[in-house]
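Chemist:
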Amino acid sequence: MSKDLRKFLTVKTIGRAVGNSEPLVSTDKLGSLPFAMKQYRAIIPTFLHGKKITFTDKQTESNNRIRKAIFPNIIYRFVYSRLLDMNVYARMTTTTLYQMERRGGFDEYLLTVGPSKCDDDKALMYKKMVEKAFKKQGRDVAARDLTLLKEKYGDDYARYL
42 MSKDLRKFLT VKTIGRAVGN SEPLVSTDKL GSLPFAMKQY RAIIPTFLHG
92 KKITFTDKQT ESNNRIRKAI FPNIIYRFVY SRLLDMNVYA RMTTTTLYQM
142 ERRGGFDEYL LTVGPSKCDD DKALMYKKMV EKAFKKQGRD VAARDLTLLK
192 EKYGDDYARY L
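Using my numbering, the letters of the sequence shown correspond one by one to residues 42 to 202.
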């Protein structure tokens with residue numbers, strides 16, 4: 042466990058978090074960020090895909106209990122959004138990266154994932170931007186198809202669509 046996370050896992054902090062029904066430790070501190078990007082930490086979206094810090098208890102033969110924190114595997118990656126036509130620098134778990142590959146890319150992942158898997162404010166902002174661009178692209182395609190139908194079959198045919 043890294044030294045910067047030990048100060049967050051004190052007995053007092055865990056007790057306060059359990060009493061207030063809050064998450065025990067914030068996942069904002071996880072992952073190693075390049076030094077040049079540290080000033081932009083607040084604006085980097087986080088895609089955890091439902092992963093969080095979990096705790097396990099281990100009991101030894103001498104009945105000593107050891108509480109262990111298990112952290113999600115967080116990486117920083119540039120992902121390309123075709124709908125927004127831009128690269129997005131994001132924090133994500135390896136599960137999120139796998140799901141992005143399975144679903145066909147960053148845009149498809151954001152369009153198909155539910156709000157419970159995408160709980161960061163900046164991540165929700167990107168999700169809304171992609172959904173808006175997807176709807177706009179759908180309207181543009183529908184309008185282009187309608188003009189092609191008008192050219193080929195006339196205005197009377199397109200009126201009934």
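By construction, the Cβ of each residue, glycine as well, lies at the ideal position given by its N, Cα and C atoms.
Curious, which full-length beta strand (DSSP E) runs of at least 3 residues does the segment 91-118 contain?
Modeler: Entirely contained in the segment 91-118, the beta strand (DSSP E) runs reaching 3 residues are, in chain order, 95-100, 106-111.
Chemist: Determine, using beta-carbon pairs with one atom in the segment 155-175 and one in the segment 105-124, whether at least three such pairs fall under 8 Å.
Modeler: Touching, yes, given that three or more Cβ pairs across the two stretches are closer than 8 Å.
Chemist: Tell me the start and end of each unbroken alpha helix (DSSP H) in the segment 138-164 that is at least 4 residues and wholly inside, in chain order.
Modeler: Counting only runs of 4 or more, we get 147-153.
Chemist: With DSSP run on the structure shown, which of helix, strand or coil describes Arg-123?
Modeler: Here Arg-123 sits in coil by DSSP.
Chemist: Cα separation between Val-129 and Lys-93?
Modeler: Straight-line Cα distance between these residues: approximately 22 Å.
Chemist: Tell me the rounded alpha-carbon separation between Ala-184 and Asp-148.
Modeler: Each residue's alpha carbon lies about 22 Å from the other.
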